[in-house]
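Below: one structure, written as C-alpha cells.
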Amino acid sequence: MNGARETFRFSQDSHYFQKATLSLESVFYCIVCLGLPVDMCEKNKKVSKWLSTVFGDQTIPEYEVNTRTVDILYQLAEASEVRCNETSLLIEDQKQKTSEYQADGVHLQNVVLQGVGLSSGSLSKPASDYLSALVANAKVLGVRDTSLSSFVPAVNNLTNELLESEKTDRRLDRELNALRNKLGSVLVLRKTFQEDIKKTMKAQEVESAKAEERLLNMDFVKAKSKDLSYRNKKAEDQLTSRHMENRISHQALMELSEQVYTLKQEILPLSKKLEPYRDLSPSPSLAQVKIEEAKRELAAVDAELEMKVDFMNSSLPKGRPLK
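Residue numbers (the UniProt record's numbering): 1 to 323.
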C-alpha cells in the first residue's frame, strides 16, 4: 500500500462496501489505500451501490477512484435517486387517478342505467357491445354526450375534413404528376448534357493531342529553321571567301530565267505565223521534183481504181455496167 491513486473495479460482491456502517478496516482502506477521507468513502459506498443497481448482473466498468470521479458519480447517484423518487410518486399518482376514474365510470354507468330503468346485468351481449361502440365513437369524435345533436355536427365536421383531405390529395396528385413530368424532362436534359460533356471532353482530348503535335512540329520547324539559317550563313561565308561573282548567283539566274520566259512569249506569235510555211521546200527545183512524184502517185492510184472497176463489172451479171 503506497497511498497513490489506483484503478479499482467495484463489483456487486465487493466485500468493502456491503455493510451499512463502515468498519475500522474500511476506514483504514479508504484513508491509506485510496487516499480518500471518511466522508468521501461514504460517498464511494453509495456510488458503488448505485452502480450495482444500475448495471445489475452486468460487469461494472472500471474507473479511477479519486475525489473528482467520486464527486461526479455521487452527484449522478443523487440526481438518479431524486428522479426515481419523483417517477415513483408520479406512477403512484397515475395509479390513484386511474382507480378514481374507474370508480367514477362505474358510478356514472350505474346512474345512467338506473335513469333509463336498466341495469348492467339486464343488457344483452349485443346491446352491451353497441353501447361500448357508441361510447368509443363518442370518445373518438370528442362529443359531450351520445345524443344525435352531438353526433351529427361531429360527423359533418369529419365529412368536411374528409372532403378537404380528398381535395388536398387531388391537388397533391396534380403537383406530383407535374413534378414527375418535370423530372422526366430534367433527366432527359441531364442525359443530353452528359452526352454533350462526353463529346466535348473527347473533342478536347483530340484538340489537345493536335495542339501537342503542333507544338512538337513547331519546335521541330524552329530547330530546322535555325539549322538552315546557320547552314545558309555558313554557305554565304564560304561563297564570300571564294569571291563568287554575282552574275552566277541564284538571284541573277532567276532574273535570266524570267527574261528567257519573256522572250519565249514574244516569239510564240511569230512561230504560229510561220507554221503554214514549214512544209514548203527550200528551193524551186526540189518543189518541182515533189510535184512530179505526186503526179506519178496520182496516176498509179487512178490505174488501180480502173482495174478494180473493170473486175467488178466482169463479175456482175449482164446488165447495166458500173460507171
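We put the beta carbon where it would ideally sit given N, CA and C, even for glycine.
- A residue is called buried once 16 or more other Cβ atoms fall within 10 Å of its Cβ, and S99, having fewer, is exposed.
- The Cβ neighbour count for S147, taken over all protein chains shown within 10 Å, is under 16; the residue is labelled exposed.
- Here DSSP, grouped into helix, strand and coil, assigns E62 to coil.
- Taking 9 Å as the cut-off, the Cβ atoms of K43 and V70 count as close.
- F151 has its alpha-carbon roughly 15 Å from the corresponding atom of E161.
- C-alpha of K97 to C-alpha of A178: approximately 54 Å in a straight line.
- By the neighbour-count definition (other C-beta atoms within 10 Å, threshold 16), M201 is an exposed residue.
- T53 and K46 have their C-alpha atoms spaced approximately 11 Å apart.
- The three-state reading of DSSP puts S147 in coil, since its state is none of H, G, I, E or B.
- A distance below 6 Å between beta-carbons, with the five flanking residues on each side excluded, links R180 to no residue of its chain.
- For R242, the secondary structure class from DSSP, reduced to helix, strand or coil, is coil.
- A154 is not a Cβ neighbour of L163, given a cutoff of 9 Å.
- In the DSSP assignment, D129 falls within the alpha helix (DSSP H) that extends over K125 to L141.
- Residue range V38 to F55 is occupied by the alpha helix (DSSP H) that includes E42.
- When rounded, the separation of the alpha-carbon atoms in Y261 and P269 is 14 Å.
- Across the structure, L228 and E266 are spaced so that their CA atoms are roughly 39 Å apart.
- The C-alpha of E195 is placed about 21 Å away from the C-alpha of A209.
- Under a 10 Å Cβ-count criterion, M40 is classified as buried, with 16 or more other Cβ atoms of the shown protein chains found around its own Cβ.
- Separation of the CB atoms of W50 and S88 is rounded to 16 Å, and the pair is thereby denied contact status at 8 Å.
- L76 places its beta carbon 9 Å or farther from that of Y63.
- Rounded to whole angstroms, the gap between the alpha carbons of S271 and K264 is 10 Å.
- In terms of Cβ geometry, D145 and A138 form a close pair [threshold 9 Å].
- Around the C-beta of S132, fewer than 16 other C-beta atoms lie within 10 Å, and the residue is accordingly described as exposed.
- Straight across, the Cα-Cα distance linking A235 with K226 is about 14 Å.
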